[in-house]
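J.: Protein chains in written order, with the working numbering: chain A, 1 to 250; chain B, 251 to 500; chain C, 501 to 750; chain D, 751 to 1000; chain E, 1001 to 1250; chain F, 1251 to 1500; chain G, 1501 to 1750; chain H, 1751 to 2000.
Before anything else, here's the structure in question.
8 protein chains.
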Amino acid sequence: MNRQNILRLLEKIKQGTMTPDQGLEALKKLPFEDLGFARVDHHRTIRHGFPEVVFGQGKKPDQVAAIVRSLLSQKSNILITRCDRNTYNRVRRVSSKARYHDDARAVSIVQDSTAYGEGIIHVVCAGTTDIPVAEEAALTARLMGNKVETTFDAGVAGIHRLLSARESLARASVIIAVAGMEGALPSVVGGLFSVPIIAVPSSTGYGSSLGGITALLAMLNSCASNVTVVNIDNGFGAGYVASLINRKRP
Amino acid sequence: MNRQNILRLLEKIKQGTMTPDQGLEALKKLPFEDLGFARVDHHRTIRHGFPEVVFGQGKKPDQVAAIVRSLLSQKSNILITRCDRNTYNRVRRVSSKARYHDDARAVSIVQDSTAYGEGIIHVVCAGTTDIPVAEEAALTARLMGNKVETTFDAGVAGIHRLLSARESLARASVIIAVAGMEGALPSVVGGLFSVPIIAVPSSTGYGSSLGGITALLAMLNSCASNVTVVNIDNGFGAGYVASLINRKRP
Amino acid sequence: MNRQNILRLLEKIKQGTMTPDQGLEALKKLPFEDLGFARVDHHRTIRHGFPEVVFGQGKKPDQVAAIVRSLLSQKSNILITRCDRNTYNRVRRVSSKARYHDDARAVSIVQDSTAYGEGIIHVVCAGTTDIPVAEEAALTARLMGNKVETTFDAGVAGIHRLLSARESLARASVIIAVAGMEGALPSVVGGLFSVPIIAVPSSTGYGSSLGGITALLAMLNSCASNVTVVNIDNGFGAGYVASLINRKRP
Amino acid sequence: MNRQNILRLLEKIKQGTMTPDQGLEALKKLPFEDLGFARVDHHRTIRHGFPEVVFGQGKKPDQVAAIVRSLLSQKSNILITRCDRNTYNRVRRVSSKARYHDDARAVSIVQDSTAYGEGIIHVVCAGTTDIPVAEEAALTARLMGNKVETTFDAGVAGIHRLLSARESLARASVIIAVAGMEGALPSVVGGLFSVPIIAVPSSTGYGSSLGGITALLAMLNSCASNVTVVNIDNGFGAGYVASLINRKRP
Amino acid sequence: MNRQNILRLLEKIKQGTMTPDQGLEALKKLPFEDLGFARVDHHRTIRHGFPEVVFGQGKKPDQVAAIVRSLLSQKSNILITRCDRNTYNRVRRVSSKARYHDDARAVSIVQDSTAYGEGIIHVVCAGTTDIPVAEEAALTARLMGNKVETTFDAGVAGIHRLLSARESLARASVIIAVAGMEGALPSVVGGLFSVPIIAVPSSTGYGSSLGGITALLAMLNSCASNVTVVNIDNGFGAGYVASLINRKRP
Amino acid sequence: MNRQNILRLLEKIKQGTMTPDQGLEALKKLPFEDLGFARVDHHRTIRHGFPEVVFGQGKKPDQVAAIVRSLLSQKSNILITRCDRNTYNRVRRVSSKARYHDDARAVSIVQDSTAYGEGIIHVVCAGTTDIPVAEEAALTARLMGNKVETTFDAGVAGIHRLLSARESLARASVIIAVAGMEGALPSVVGGLFSVPIIAVPSSTGYGSSLGGITALLAMLNSCASNVTVVNIDNGFGAGYVASLINRKRP
Amino acid sequence: MNRQNILRLLEKIKQGTMTPDQGLEALKKLPFEDLGFARVDHHRTIRHGFPEVVFGQGKKPDQVAAIVRSLLSQKSNILITRCDRNTYNRVRRVSSKARYHDDARAVSIVQDSTAYGEGIIHVVCAGTTDIPVAEEAALTARLMGNKVETTFDAGVAGIHRLLSARESLARASVIIAVAGMEGALPSVVGGLFSVPIIAVPSSTGYGSSLGGITALLAMLNSCASNVTVVNIDNGFGAGYVASLINRKRP
Amino acid sequence: MNRQNILRLLEKIKQGTMTPDQGLEALKKLPFEDLGFARVDHHRTIRHGFPEVVFGQGKKPDQVAAIVRSLLSQKSNILITRCDRNTYNRVRRVSSKARYHDDARAVSIVQDSTAYGEGIIHVVCAGTTDIPVAEEAALTARLMGNKVETTFDAGVAGIHRLLSARESLARASVIIAVAGMEGALPSVVGGLFSVPIIAVPSSTGYGSSLGGITALLAMLNSCASNVTVVNIDNGFGAGYVASLINRKRP
């Protein structure tokens, strides 16, 4: 432990086996993180409940399995995003707790079931093709110890579906709104509910939807003041930030 | 009259003062439009009620006044878009019927008050800064003989304002929806009402609104099937097409 | 039926088994749509003749067949866009009325042959590669009860082909103009005929055609006032709006 | 009051002066918001502490003053963004509490000094030219009842300045990070501190900074998972969402 | 023949079996092209030597073969662009004169060996990957009766290769310059030689070459005044226009 | 004269006052252009008739006048593009032959009236706002010794105006087609006439016309094979290339 | 001095007035930079000769003067970029050594005339409008102690001008190449000379030059391997990096 | 040898078998490169140590092998970029020295082990997916005779990893920084170390990372003055320029 290294150094100075000048030089040569700045975050305890995340896309099943094995010793939950059943089958051999989520195209390994969240995170999406992104967000939030509710297929061209879910939405502490095409959902949701809205553009659409850029731009220009935006299809990021917001306060 | 020219030519052939071969050559040399193809539109009567339009931007008051003078002899209404009071003051000297519309930044001269429209055209806009475009659309539609109703400042982040106007909107035969920023209004309106929606992106906004491009893209990707789109800030075009759709059928 | 629910509630108040205060609370808790706002559209009858539409792209034959089966009980026509023969073969097992349209890459199921349209919808396209989009537009319009005429391969670089079809085009109440590459067709057609033109950019082309963006931009900047635009390759949307415009008036 | 309207209606039914059928019809005709759906938000009390905001840009001093006068009767704080001293001088005649903030180019009127926030909101920016945006964010958060700390001119090319402020940053519940040019600050801050980071791209820069688009894109692609993004130069939005996140929980 | 139709009509008028009024009506109903406006081009003879061109991409071998068969009766040369050997093999069964050009990915059928060109067309390209586009241009020009010379792999980073070919280039009447990546070749060539330069951007490159857009933009901004540009990879268009320029004058 | 330098060097070798080895070294050190490669163009005589061109934009009247004075000694015509009357007034003091062209925003000084062109160059433009660009093209072509005809305000939405000018257009050897907005004119003209078409996008338009980019893209994707394109508003470049094409052949 | 702070702390531990545990806590609370990490750069001496740079654009003369006054005490040279004569006049009151460079739009204050550079830096630019950017680069390099040579107005359309300067260019250790429009100069220069080329796109041009983006993209896609690129108009950055490359080695 | 040709010519003049006038004519007709201008670079010896490079992408194994065979006779090292093991297997048959580098997707053939570099080149990259690009850069630099050190997976969201490598980085003469996503690494590295930084954007990322364009733009707008940029994924170019910078000086 680094703390020990520095203490030992200071003890030597105390005992006179090292001069202060030598101590100064030694301090400067210590690996940076030994001084405790690896993560400058003081509320270190807040890190409990954060999942270990493996971005599965572009990685081979064996690679993912190797990473997972190295992570298992920590007690954190593990999330593998953007992977298929082949990867799952390989990972299951490493951990029998692995579970595949078809809609989210993800694998989860639950090792910590603590409820870290305080309120409810609600994930709403506009169309059926947005569901994989929405499910990735929901799964992330659940793995981070939150209660999650969902409303799918509630696009703004059928506003009544959104209004039908208003009781549930009004209960939420944070809302994640996923939409492709014109990306209007976060604005409408943001106008109806006063909580923070995390907007996720999806790559749903064709032609001038530009692979999600249209929805992204629309969300950034929302006329609702309570909307912030993450990258296209970034369900994980939305679930992650929503969990930070919803976290029980010390 | 061209019709007369051709008839006279055929008479000469009949009378033998011109051979058929000479006639063929003469026909080929006639100005194109003399053959009646200037406008291939057969329902020529449908043109009644169409205004003469002058795009005022970039034209000097004197230029506009000269154009207006040349148009007055026709019995059509006259619309001068994108002009200021200076232009109006100059035009008023040419026609005492000229009237300035502050919100629409336009001059109108009404010479034909026939009701060409059948139903009601409703113009709705999202924010106060969209009003000039919305008013340009409304004015155009009125000059083309339509009954027009308006709902302004009904952005999707305050959906209740839109719903408050639902009685009036439900009466409309065509709806023009103007919005800047995320451009979501046409989608919501298109989901609520089954009539054709003409969407007009406005250049309202800043940063990633890209001068209206974001709203334009959003509207083109509307999840409502009854939405078509015109160019950014093109209130005139929207009013024009809405008038065509609303026109009384023969 | 929701109407019944509210009536029953009001009856209870009348009968004194519920106080007005209790009634108010109960009203507020009713699902939103129970109050008749599911669709704010009052001219509900206008909905007759609207097809049920399944966006086939990205859906598996079994999924499409399941959706179709659930829709059959309604008497509407059914349209499945962007699907191949595999999907058709699967759907045919659900409904023997299913028919495949090669050019439009679509399946139709006709259950309602009412003539909802008043005039003629004309679909014109610029090149042979635009035909799938044009056929999708034509099929949509036919399924919505319209008489449809078509002129294919009439690009502006061969203006005589367009002029050859002028008699038919001049008869139309609405014209759908499909073009890729430079997207000039709607402007030329819009200049020749006074009816509403629905412009559909197609993704035909290469290099700087940018997958249809060039045609889209060109159409939005048409110098003809009677042109509105839908998304790239959105033949369905064009056919849908054209049908709304051409609909018999009450 | 609308509640009274409905109660009166139900009383009439109770008293028999109106039949249930008539009641149903009457209910349907009531303005939408009379049924309590104007804002679907049930935690209405959560709205306390929200400022009234006037987007000053493009509005004349007289217009702003008129809006402010109409808002004063509410007990909320008032924020006028993007305005100059002329507007301030005009507003001061309406309210002696008005105060001008040079750096933020904004006017504030404090009528409610309640501490709505729980933790500290820290606003950090990269360069001196980002300060107006950062100050707008800070002012917004202060007006919404939060304790705010700031660190300016801490760009990533001088990482030591950021690290110097680490004690203060580590105390924050939410961090707002403003940066133009390459927009890297939120990623570095997000890597150091585990709280939600609201990233604000600024239009600082030239050439390929594209008026802030480069910073915007960079922030959306942050490799730190705790970053969400608002529109270019949208300091207000960042301050608003940060305040929502930092709000005391019921 | 249409000319005959009109003559016959005029004869009837002459003979009195048709009145001039009837003649006028009949004239108006004739197909447009019957009046000789199918192609307004008076120098009709100039059309000799123009090849019939089939854009092969996206067409099946059978489709191409069918088109070719219908074109063979004309005496023109035939060019099938962007096709593979499968198409060639199918076409060869229709015409034994068909020849495949590997580099140009094209099939030619020569039926007219007239020398229509006056000077020499020189095709120069920057890299080896530009050769298919350059060869398409060269083949087109040859099929249109021109003498063609070529210099390949003469990019501007090795200016000596270009200078080595200066004798040949200086002989040319028109130069076609093909380049991908930074697209600088036409500027350098245009500075060295005073003849018209047709610049063809190729899609060669990666990353920020944007599929040829970078080269396209560079060519449009050439500091040489004698450069005009065609679409990305449009070797055919360049060869076609070069042939028009080089054509023997009447 | 450089030729003299080299000759003198060779004479020295002949006379033995310089060894061949020394001669080789000396040759290598000569300024590059001394060897006659300053311009590799062998048909040097072809340069006669080329105007000297000053790009006026961004230059002060005094700067332009100084450049003009230095050019006057050559016998070429002089063209100053993109300048106002102030510049003209200053230039007139340097040359009494200077003439200002209001529409083209250009100054010309004619010193050479030779007819270098063979046929006629026709400049056609779509709208009145395109006239400055069209006039710049026409003026350039005239200064380069060509006969020029023009047809203005012949946009494709009024195709009859274009067809009315068909006799004149059919006479042309080269056509320059200027258009903003959707940029469709070159395609239509290119379809009607077989000569080379130089397309000039103009920055006319608003919103999604993107300062001429839309017209530019449209022209690059023309379905007519005889169209090449120059930069936005580059009337000079179009006139220059058209003149090269139309030049009398040796 | 921080070094003293730490030493003092270690002395206390040595003397027993502070326990090692207390020392560890104290160390952690020291400002970060006290540990010598303010700049991790060990070759600190290498920083000698680096100028202090003030980005003048958007700063008022008084602001610039104040910054300059605070910098004067250091012995470094001072460079104020993008400023006008007003700023210069104000700065001159602070330092009589201030000198204004018209072409570079910059102020320099020389306090250190050491020759830090080893070879020669050559700045070449394509057109006269690129000169301000080129001069900014040259001035920066001179202030950093380098010998600088320049060749201006050597665009690739007149390759002979570039070749004329080849003797000088061949002497250079680094070449800075500035160009707008098609940005081809760095590729040609990079092909001729084997040293590192720093390419600077300038915002020279119009229409599709897109304010320098076209030149930027072209340079990034250079077919010469020895080219790297800085931001549009960033003469300072190019001069700075060239100076780093040319720096005498320890 | 060309030198011989010219010498022989001069000898003839000396001997009187050729007149100086004839000599002048003969000189002008010699191939350009015979005069020694093939490469204007005088420090020809500096070319030693430059590898021969084959861009493997899009080339067939046989093609690559043929090129390699022709290059082997030179004593240079050979680098084949962007190729797979199939190509390697084919090349190995041509040269037994060929070695495949999995991470860099490249083949190297070492024929020259001279140490041309003076200091150390350090290659740092942000994420594991950037490693192929980083390895291509490292391999290039090694083949050009440099000592290379690497630090991989040191993204800015984990700044401590970068700081841990500071000893090694501080030793470097040039640093190559590879990053995708937000591309912030070069700015942070450039702020910490005073040497030239070559920034390489990688195409790592998804959604609005736009295939590397976001990272590219961010790097071009770096707030660190010592950063220059190469094309997306251009590891080779970065290694090449770094080698030029690090080269031992004569």
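We put the beta carbon where it would ideally sit given N, CA and C, even for glycine.
Remember, it's a predicted structure, so these values are computed and weren't measured experimentally.
List the residues of chain E whose Cβ lies closer than 8 Å to the Cβ of residue 1962 of chain H, in chain order.
T.: 1207, 1208
J.: When burial is assigned at 16 or more other CB atoms within 10 Å of the CB, is residue 1863 of chain H buried or exposed?
T.: Classification for residue 1863 of chain H: exposed.
J.: Under three-state DSSP, which class holds residue 665 of chain C?
T.: In the structure shown, residue 665 of chain C sits in coil (DSSP, three-state: anything other than H, G, I, E or B).
J.: Taking DSSP as the reference, what is the three-state secondary structure of residue 1841 of chain H?
T.: helix
J.: Restricting to Cα atoms, I'd like to know which of H/1958, H/1985, H/1957, H/1975 is closest to residue 1720 of chain G.
T.: H/1985
J.: Can at least three beta-carbon pairs, one atom from the segment 348 to 357 of chain B and one from the segment 380 to 388 of chain B, be found at a separation below 8 Å?
T.: yes
J.: Taking residue 1817 of chain H as the query, report the chain F residues whose CB atoms sit under 7 Å from its CB, ordered along the chain.
T.: Residues of chain F passing the Cβ test: none, with the nearest at roughly 30 Å.
J.: Would you call the segment 1270 to 1277 of chain F and the segment 1175 to 1194 of chain E touching, i.e. three or more CB-CB distances under 8 Å?
T.: no
J.: Going straight from the alpha carbon of residue 1043 of chain E to that of residue 625 of chain C, what length do you get?
T.: For residue 1043 of chain E, the predicted structure reports a pLDDT of 36, less than 50, and the residue's modelled location is therefore unreliable. A value from the coordinates is still provided. So the two alpha carbons sit approximately 29 Å from each other.
J.: Taking C-alpha atoms, which residue in C/649, C/587, C/656 lies nearest to residue 667 of chain C?
T.: C/649
J.: Going along chain B in order, which residues have a C-beta closer than 7 Å to the C-beta of residue 1379 of chain F?
T.: 308
J.: Using only the alpha-carbon positions, how far apart do residue 944 of chain E and residue 453 of chain B sit?
T.: The structure shown does not extend to residue 944 of chain E, since chain E spans only 1001 to 1250, so no value can be given for it.
J.: What residue does the beta strand (DSSP E) around residue 701 of chain C start on, and which one ends it?
T.: For residue 701 of chain C, the enclosing beta strand (DSSP E) begins and ends at 697 to 701.
J.: Please decide whether residue 1392 of chain F counts as near chain E, where near means a Cβ-Cβ distance under 9 Å.
T.: no
J.: So, with DSSP's three-state summary, where would you put residue 136 of chain A?
T.: helix
J.: Relative to the C-alpha of residue 1949 of chain H, which candidate in G/1741, G/1663, G/1672, G/1711 has its C-alpha closest?
T.: G/1741
J.: Give the DSSP bridge partners of residue 1555 of chain G, in chain order.
T.: G/1581
J.: Which word fits residue 196 of chain B, buried or exposed, when buried means at least 16 other C-beta atoms lie within 10 angstroms of its C-beta?
T.: Any question about residue 196 of chain B goes unanswered here, given that chain B covers just 251 to 500.
J.: Mind reading off the beta-carbon distance from residue 581 of chain C to residue 553 of chain C? Whole number of angstroms is fine, and I expect it under 8 Å.
T.: 7 Å
J.: Can you find a C-beta in chain F that's less than 9 Å from the C-beta of residue 667 of chain C?
T.: Output row for residue 667 of chain C: interface = no.
J.: Taking its Cβ as the centre, do 16 or more other Cβ atoms sit within 10 Å of residue 346 of chain B, making it buried, or is it exposed?
T.: exposed
J.: Contact between the segment 1457 to 1472 of chain F and the segment 1434 to 1448 of chain F: three or more CB pairs below 8 Å?
T.: yes
J.: If distances are taken between C-alpha atoms only, which option among E/1211, E/1192, E/1155 comes closest to residue 1691 of chain G?
T.: Measuring C-alpha to C-alpha distances from residue 1691 of chain G to each of E/1211, E/1192, E/1155 identifies E/1155 as the nearest.
J.: Using only alpha-carbon positions, find the residue among B/444, B/443, B/430, B/478 that is nearest to residue 1457 of chain F.
T.: Residue 1457 of chain F has its Cα closest to that of B/430, out of B/444, B/443, B/430, B/478.
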